[in-house]
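Chemist: Residue numbering for the sequence shown follows my numbering, beginning at 121 and increasing consecutively.
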Amino acid sequence: MVATVGGIAVILVTVELVPASGGPKRHLGTAKIVNDGTGSVMVGNYNAMLSTRGQPNRVWRRGRVERFLRQKRNAWELLYEVLKTVIGEGVAPVTDKGIIYSLSDPGSLEIRYVGKTTKTALVRLQLHRKHARDGVTHLHQWLKSLGRPPFFSLLEEVALGKLDVAERRWIKSLRKDGCRLTNFTDGGTGGDTWRGRKMSSEGRAKISAALRGRLKSEEHKAKLRKPKSLTHRLNLSIAAQRRWAKVDRKEWGRRIRERLARK
121 MVATVGGIAV ILVTVELVPA SGGPKRHLGT AKIVNDGTGS VMVGNYNAML
171 STRGQPNRVW RRGRVERFLR QKRNAWELLY EVLKTVIGEG VAPVTDKGII
221 YSLSDPGSLE IRYVGKTTKT ALVRLQLHRK HARDGVTHLH QWLKSLGRPP
271 FFSLLEEVAL GKLDVAERRW IKSLRKDGCR LTNFTDGGTG GDTWRGRKMS
321 SEGRAKISAA LRGRLKSEEH KAKLRKPKSL THRLNLSIAA QRRWAKVDRK
371 EWGRRIRERL ARK
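This is the structure we're talking about:
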């Protein structure tokens, strides 16, 4: 069904249960798909909102589909892209393909990140948000500044062997179009993109200034003191043993006595 909300055409897909007894219909879910008007006659960009059982006006999850070929594809294919982007496919199937995706500002709809993955949209977005909690990269800082999830958009589905090339192509194209991407590299790398790089003195000074004077709560201090796992405890123990092996016992005793004397 196509409805009009505030003068804007909205595609509404409602799932209802019709009881065999002939009783009243029960609402199971609604998908609201809105063309944001930033596309063209040939290509559309859509924001999607899904609701769940009995709550048609309460948003359960959001998503975004960009560069959808309106003239060549139909409404069912648009709904499929929405569901694939917002929900994903549960457990990632064994496949020889991956996707190139973007993360956009939910307010301005500006694309701020391009990535590649073989996981489902939901899993990849959850990982981004998880890593952003303690992350310090430009992407992590941007995600934390939003206060809500970004829009996840499927840009292209490609063979695994061409993922790196496709990612670089999209990053180059979007940067050329003026997108302020938070990508640290030009793409096609993956993993730890900081490895092998050295931070400039200016960068170190900025981080130092940002952290200087920041007070840690007692709970935070306790977490820092507590070993995170058995492996962590073993590593701490091994490191302590190595430090102790390098210490001159007499010199160490002399320093302790001097420190006690000063007290």
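We put the CB at the ideal spot given by N, CA and C, even for glycine.
Does Thr172 come out as helix, strand or coil in the three-state DSSP assignment?
Modeler: The sequence position of residue 172 within the sequence shown is 52, counting from 1. Strand.
Chemist: Thinking Gly218 and Lys204 are a contact (beta carbons under 8 Å), I'd like their distance in whole angstroms, please.
Modeler: Mapped onto the sequence shown, residue 218 falls at position 98. Mapped onto the sequence shown, residue 204 falls at position 84. The Cβ separation is near 13 Å, so there is no contact.
Chemist: Let's see if you can read the secondary structure: which residues bound the alpha helix (DSSP H) around Ile327?
Modeler: Residue numbering aside, residue 327 sits at position 207 when the sequence shown is read from its first letter. Note, Ile327: alpha helix (DSSP H), Ser321 to Leu331.
Chemist: Verify whether the separation of the beta carbon atoms of Leu148 and Val135 is less than 8 Å.
Modeler: Taking the sequence shown and counting its residues from 1, one reaches residue 148 at position 28. Taking the sequence shown and counting its residues from 1, one reaches residue 135 at position 15. Against a cut-off of 8 Å, the Cβ pair of Val135 and Leu148 comes out as a contact.
Chemist: Looking only at DSSP bridge pairs, what is Lys236 linked to?
Modeler: One-based indexing of the sequence shown puts residue 236 at position 116. For Lys236, which the question treats as bridged, DSSP gives the partners Ile220.
Chemist: Let me confirm a value: Ser337 is counted as buried when at least 16 other C-beta atoms fall within 10 Å, else exposed. Which label applies?
Modeler: Numbered from 1 along the sequence shown, position 217 holds the residue referred to as residue 337. Ser337 is exposed by the Cβ-count criterion.
Chemist: Identify every residue that forms a DSSP beta bridge with Ile231.
Modeler: For the purposes of this step, residue 231 is identified with residue 111 of the sequence shown, where counting begins at 1. Ile231 is bridged to Ser224.
Chemist: Quick check: is any heavy atom of the ligand FAD less than 7 Å from the C-beta of Leu331?
Modeler: The ligand FAD is absent from the structure shown, which contains no ligands of any kind.
Chemist: What residues in its chain sit with their C-beta under 6 Å from that of Thr302, if we drop five residues either side in the sequence?
Modeler: Position 182 of the sequence shown, counting from 1, holds the residue named residue 302. Arg232, Tyr233, His258, Leu259 and Trp262, listed in sequence order.
Chemist: By Cβ distance below 6 Å, which residues in the same chain neighbour Asn155 in space, the five residues on each side in sequence not counted?
Modeler: The residue given as residue 155 occupies position 35 in the sequence shown. Once the five neighbours on either side are set aside, the close Cβ partners of Asn155 are Gly164 and Tyr166.
Chemist: Considering only residues of the same chain and omitting the five flanking positions on each side of Leu283, which have a CB-CB separation below 6 Å?
Modeler: As a position in the sequence shown, residue 283 is number 163, starting the count at 1. So the qualifying residues of the chain are Gly218 and Lys236.
Chemist: With a 10 Å radius around its C-beta and 16 neighbouring C-beta atoms as the bar for buried, classify His251 as buried or exposed.
Modeler: Position 131 of the sequence shown, counting from 1, holds the residue named residue 251. The residue is exposed, with fewer than 16 neighbouring Cβ atoms inside 10 Å.
Chemist: Check for me: the beta strand (DSSP E) holding Lys336 runs from which residue to which?
Modeler: As a position in the sequence shown, residue 336 is number 216, starting the count at 1. Per DSSP, Lys336 belongs to no beta strand (DSSP E) and is neither H nor E.
Chemist: Any chance you could list the alpha helix (DSSP H) runs of at least 4 consecutive residues sitting entirely within the segment 241 to 306, in chain order?
Modeler: Correct list: 241 to 252, 258 to 266 and 283 to 296.
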